[in-house]
Every structure is written in structure tokens, then in C-alpha cells.
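Reading through the C-alpha cells given below for one structure.
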Amino acid sequence: HGSSSTAIRALNLHYLGRTDEGRSVLRGASAEDRAESDFHSVEAIFFALGGDKESAEASIAREIEISENLGHYHHAVCYIASARAIMRETDAAIDLVAAASDDGFPCYPWFRRDPCLESIQSHPRFTALMNELEQRWGG
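In this text, residue positions in the sequence shown follow this note's numbering: the first is 2, and each later residue adds one.
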């Protein structure tokens, strides 16, 4: 399983302020795209943005089924953290950012700048984690 390029394209459209276009990309995804890692975790972000917590949770569960045993699972964990942050699940989001960091994705600049993590940016636990990651990053 590789990362779903369709999902990454949809997420990039969201980052560019073209969220509806990103949703359309996800809706048009093939069965093959939907079987790739990261698809459902990115889909969860879009459901969370739309306030559909039930669908976000279902997408998160599906992502875990697909990706949990892959070497790059930390990417999916990052996207799940974003969905949790959007749903205002602060502790879970911070825990997932920490888990992704410990599992091979200690990318301080990504976490610091990801607009999907905006709701947790000022939380003391997140700030402490960012300080630690900045030092690991070489800052």
C-alpha cells in the first residue's frame, strides 16, 4: 500500500482554500484509491471540517484497518490528529502528534504550520511538544 495521491491532492486543495474542490476529488476517488493508505484519514479531515463526526470516526476506523501495520503509518496518524483537532478533541490530537513524532515523523515545521491543528496550537502540552521537536529538528 502506498499513500493515496488522490487524498493528498484533496488535502492540498484544502490547504489552498479550495476545500469544496478537495471534497469533490475525494468523492470521485476510485475503489483503488480508497484502498490506499492515508485516503480515509484525509477523508476524516474533510468530514470533521463539515461537522460530520460520525463519518469522521468511521473513516478513522477504516484507516487504522488499512494502515496500522505499514511502515509509514505515522502519516495516517498525522492526518487522524488533524481530524481530532478539528473535532476539538485536544488531548487525543496532541497524543497522536506525539505518537507520529515518536514513530518516524518528528516534522516540527509541518506540525507548527498545519492549519488543521490550529485549535491545539496554543495548548501548553502542544507547545511543550513543539519545543521538544524544534530542538530535535535542530532549531
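By construction, the Cβ of each residue, glycine as well, lies at the ideal position given by its N, Cα and C atoms. Note that the structure is a prediction, hence the values are computed from the model and not measured.
Distance check between E55 and each of E133, A84, D39, D21 places A84 closest, using alpha-carbon atoms only. Beta-carbon to beta-carbon, D34 and I9 are separated by about 11 Å, too far to satisfy the 8 Å threshold.
Residue nearest to A99 within the set M88, P116, Y80 is Y80 (criterion: CA-CA distance).
Of the candidates G18, Y109, G139, A86, the residue whose Cα lies closest to the Cα of A49 is A86. Just so you know, the alpha carbons of N70 and A11 end up roughly 24 Å apart.
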